[in-house]
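> Would you mind keeping the following structure in view while I ask a few things?
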Amino acid sequence: MLRLHYNLEKLSMGMVVGIIVAASIGGAVEIAPLFTIDETVVAPDDLRPHTPLELAGREIFIREGCYACHSQMVRSLADEIDRYGPYSLAGESAWDHPMLWGSKRTGPDLARIGGKYSDAWHVAHLLDPRSVVPASIMPAYPWLTRSLDTRVLPGALATLAVLGVPYSEAMIDRAETDALAQSRPDSDAAEDVLARYGDAVALRSFDGDPSRLTELDALVAYLQSIGTLTAAAQEELEEAGK
Amino acid sequence: MTDATDPGRRHSAGHHGGDRPVDPVTGHETTGHDWGGITELNTAFPRIVIWALVLAFSYSVIAWILLPAWPLGHDYTRGLLGLDQSEEAVREYREMERARADWLAPFASAEFAALASDAPLMARAMPAAARLFADNCAACHQAKGTGGPGFPNLVDADWLWGGDPEEIAETLRVGVNSTHPDTRVSQMLAFGRDGILPAGDIELLVDHVLALSRGEDAADGPGAELFAENCAACHGEGGVGGLGIGAPALNDGDWLYGGSPGQIRTTLRQGRQGVMPSWEGRLSPSEINLLALYVERLGKGNRNEARE
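Following this line, the structure appears as structure tokens:
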């Protein structure tokens, strides 16, 4: 029994070929489905891309490692639906590069956080979590009050456009102005943000100080947008199992 | 495996026809390799591991047939059992909803007096309300509803918008300064920043508000006229509040944003516009009514405790 292996082990080239064949089966099974991901993960019809300000906030979310403690995926389990809301669909993050589903939950899932709390709460919580949640073990991020660097935004949008996110020429060109305008609802350019990204976009001074565009503005704008870019998950839950 | 070091042994080591040397101590065949006098017993692969592997592989073949398994380009094999994780989850979730319906459904009616007097129903429902409060409200109003700077205390008798269950339910449904189309709206004007009042007047008003809060008769004070002209429309004559427009009473020691001269000065200069999110959509109408009764009781319970 197992003679084949006995002989193969003594033939070093044969062994090498055998290892390559075995390892590539594992690889192919994992990688092959990704080639058809564009067809298998369908972006919902009503999905809107992140605004430049929200996108900047997403970058800060990644930079600060928030994903290390917070997933953004409601699992398809009854208890999760009960606590967080509709389970996450792959299509919801079709335009997220990289997606931030995560699996580690030291804090709660954030996939349905948009609109749950007020901007003022997020600001207080990010600057000093213990000021609003006394028992919180979340780290404080006091440096988020610094000014937001918007110079990278046109490049960021252009890169995402290459990956298939529907950012138009105008959106890319006006990314910096749009980021500022979203935090200044009274400015003329604010209307343009709505025209480009839809009326559902929140125009507010997210950190409560319209005179300065800060990293807090961006991060809070992003947090408030999570889960609000499409109603697909809500609709799917309402239709399912009725 | 390295080669045998003993050149004399190398030949026989290459063969495996059963003519391998036998270890004199155990009587077991060795692999025939010799590392400077150390040999290795040629022990058979344990049967139990082979059986475990056979079982595992057979199970995987069965699983491929029964469960969703293989990716097929744009689709995947669904499996004979037709299981789908999200359908399962929704089914279980609906079951949870049905199991709750016998005590949650009555709360859809908003007949608060009748609901509150149904003791067995309340005993059943209040623990669930406590859980909803912890999940959704405690982050701002604190676990016991005592609030904090900018987030009102829900257990005192002081209400911005009213403490009847009907009023509370409406506050929960539409929120305050929220994104809901019917939101309750309130705003404390930025008298300083927007240049409505000069800094000197603001100082007089800070003193006046402090005097009001201490319950002093400040009707003749230097700030009284300013207050009547600029503030009483919202905060009421003498700062009694309670007009149902979200402007707090100023003639008590309870503060939403803080009662130090500095904090009052900031309120008058920068203005305030607290946001309470709308819960319509996130919570069902029954859950909102349930929470309204919970919040009302929270206040009553705490006040009774305080009195005892």
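Those sequence lines, one after another, are chains A and B.
What the first sequence shows, in the numbering used here, is residues 396 to 637, in sequence order.
What the second sequence shows, in the numbering used here, is residues 647 to 954, in sequence order.
We put the beta carbon where it would ideally sit given N, CA and C, even for glycine.
With a Cβ-Cβ cutoff of 8 Å, do residue 548 of chain A and residue 609 of chain A count as a contact?
Not closer than 8 Å, so no.
> Cβ of residue 512 of chain A less than 8 Å from any chain E Cβ?
Note that chain E does not occur in the displayed structure, where the protein chains are A and B.
> Given that residue 825 of chain B touches chain A, what residues does it touch there, using C-beta distances under 9 Å?
Within 9 Å Cβ-Cβ: 510, 597.
> Tell whether a beta-carbon distance below 8 Å holds between residue 834 of chain B and residue 912 of chain B.
Taking 8 Å as the Cβ cut-off, residue 834 of chain B and residue 912 of chain B do not qualify as a contacting pair.
> Is there contact here, the region 697-705 of chain B with the region 442-458 of chain A, by at least three beta-carbon pairs under 8 Å?
No, they do not touch.
> Are the beta-carbon atoms of residue 479 of chain A and residue 506 of chain A separated by less than 8 Å?
In this structure, residue 506 of chain A lies closer than 8 Å to residue 479 of chain A by Cβ.
> Assign residue 375 of chain A to one of three DSSP states: helix, strand, or coil.
Since the first and last residues shown for chain A are 396 and 637, residue 375 of chain A lies out of range.
> Check the Cβ-Cβ distances between residue 435 of chain A and every residue of chain B, and say whether any is below 8 Å.
Yes, its Cβ sits closer than 8 Å to a Cβ of chain B.
> Label residue 517 of chain A either buried or exposed according to how many other C-beta atoms from any shown protein chain fall within 10 Å of its C-beta, with 16 as the threshold for buried.
Under this definition residue 517 of chain A is a buried residue.
> Contact between the region 810-827 of chain B and the region 925-941 of chain B: three or more CB pairs below 8 Å?
Because the criterion of three Cβ pairs below 8 Å is met, the region 810-827 of chain B and the region 925-941 of chain B touch.
> Taking residue 727 of chain B as the reference, give the member of B/666, B/714, B/938 with the closest Cα.
Of the candidates B/666, B/714, B/938, the one whose C-alpha sits nearest the C-alpha of residue 727 of chain B is B/714.
> Please list the terminal residues of the continuous beta strand (DSSP E) segment that includes residue 686 of chain B.
Segment 684-687, the beta strand (DSSP E) holding residue 686 of chain B.
> Which chain B residues sit within Cβ distance under 9 Å of residue 537 of chain A?
Ordered by position in chain B, no residue passes the 9 Å Cβ test against residue 537 of chain A, which lies about 17 Å from the chain.
> So that I know if they touch, is there some Cβ in chain B lying closer than 8 Å to that of residue 621 of chain A?
Closer than 8 Å: no.
> Report yes if the CB atom of residue 611 of chain A is closer than 8 Å to the CB atom of residue 540 of chain A, and no otherwise.
Against a cut-off of 8 Å, the Cβ pair of residue 540 of chain A and residue 611 of chain A comes out as a contact.
> So what's residue 818 of chain B in DSSP terms, helix, strand or just coil?
Note: residue 818 of chain B maps to helix in three-state DSSP.
> State the Cα-Cα distance for the pair residue 772 of chain B and residue 789 of chain B, rounded to the nearest angstrom.
The straight-line gap from Cα to Cα measures roughly 15 Å.
> Which whole runs of the alpha helix (DSSP H) in the region 536-588 of chain A are 4 residues long or more, in chain order?
Listed in chain order, they are 548-557, 564-568, 570-577.
> Just list the residues that DSSP pairs residue 668 of chain B with in beta bridges.
Paired residues: B/675.
> What residues from chain B crowd round residue 482 of chain A, counting only those whose CB sits closer than 7 Å?
Ordered by position in chain B, the residues that pass the 7 Å Cβ test against residue 482 of chain A are 732, 735.
> Any contact of the region 571-582 of chain A with the region 483-500 of chain A, i.e. 3+ C-beta pairs under 8 Å?
Because the criterion of three Cβ pairs below 8 Å is not met, the region 571-582 of chain A and the region 483-500 of chain A do not touch.
> Alpha carbon to alpha carbon, how far is residue 600 of chain A from residue 424 of chain A?
When rounded, the distance between both Cα atoms is 48 Å.
> With a cut-off of 8 Å, does the C-beta of residue 894 of chain B fall near any C-beta of chain A?
No, residue 894 of chain B does not count as interfacial toward chain A.
> How should residue 830 of chain B be labelled, buried or exposed, when 16 other C-beta atoms within 10 angstroms of its C-beta is the threshold for buried?
Buried is the call here.
> To test your reading of the DSSP string, which unbroken alpha helix (DSSP H) runs of 4 or more residues are found completely within the region 825-906 of chain B?
Taking only runs of at least 4 residues, the alpha helix (DSSP H) segments lying wholly in the region 825-906 of chain B are 845-859, 870-876, 878-881.
> Quick one: what's got a C-beta closer than 7 Å to residue 401 of chain A's C-beta in the same chain, skipping five residues either side?
Contacts found: none.
> Would you mind reading off the limits of the alpha helix (DSSP H) that contains residue 923 of chain B?
Element bounds for residue 923 of chain B: n/a, residue is neither H nor E.
> Against chain A, does residue 717 of chain B count as a neighbour if the rule is that its beta carbon must be under 8 Å from one of theirs?
Residue 717 of chain B counts as touching chain A.
> Assign residue 687 of chain B to buried or exposed, taking buried as 16 or more other Cβ atoms, counted over all protein chains shown, within 10 Å of its Cβ.
By the 10 Å Cβ count, residue 687 of chain B comes out exposed.
> Looking at chain B, is there any beta carbon in it that lies within less than 8 Å of the beta carbon of residue 516 of chain A?
Yes, residue 516 of chain A counts as interfacial toward chain B.
> Determine the contact status of residue 923 of chain B and residue 512 of chain A, defining contact as a CB-CB distance below 8 Å.
Contact flag set, yes.
> At what residues does the alpha helix (DSSP H) containing residue 736 of chain B begin and finish?
Taken as a continuous stretch (DSSP letters only), the alpha helix (DSSP H) holding residue 736 of chain B covers 731-750.
> For chain B, check one thing: does any of its Cβ atoms lie closer than 8 Å to the Cβ of residue 428 of chain A?
Taking Cβ atoms only, chain B reaches closer than 8 Å to residue 428 of chain A, which makes this a yes.
> If residue 902 of chain B and residue 796 of chain B are in contact, beta carbons under 8 Å, what's the gap, nearest whole angstrom?
Right, the Cβ-Cβ distance comes to about 7 Å (below 8 Å), so this counts as a contact.
> Measure the Cβ-Cβ separation of residue 670 of chain A and residue 567 of chain A and say whether it is below 8 Å.
As displayed, chain A neither begins before 396 nor continues past 637, which places residue 670 of chain A out of reach and without an answer.
> Could you list the residues in the region 777-790 of chain B with a C-beta less than 9 Å from some C-beta on chain A, going in chain order?
Those would be 781, 782, 784, 785, 786, 788, 789, in chain order.
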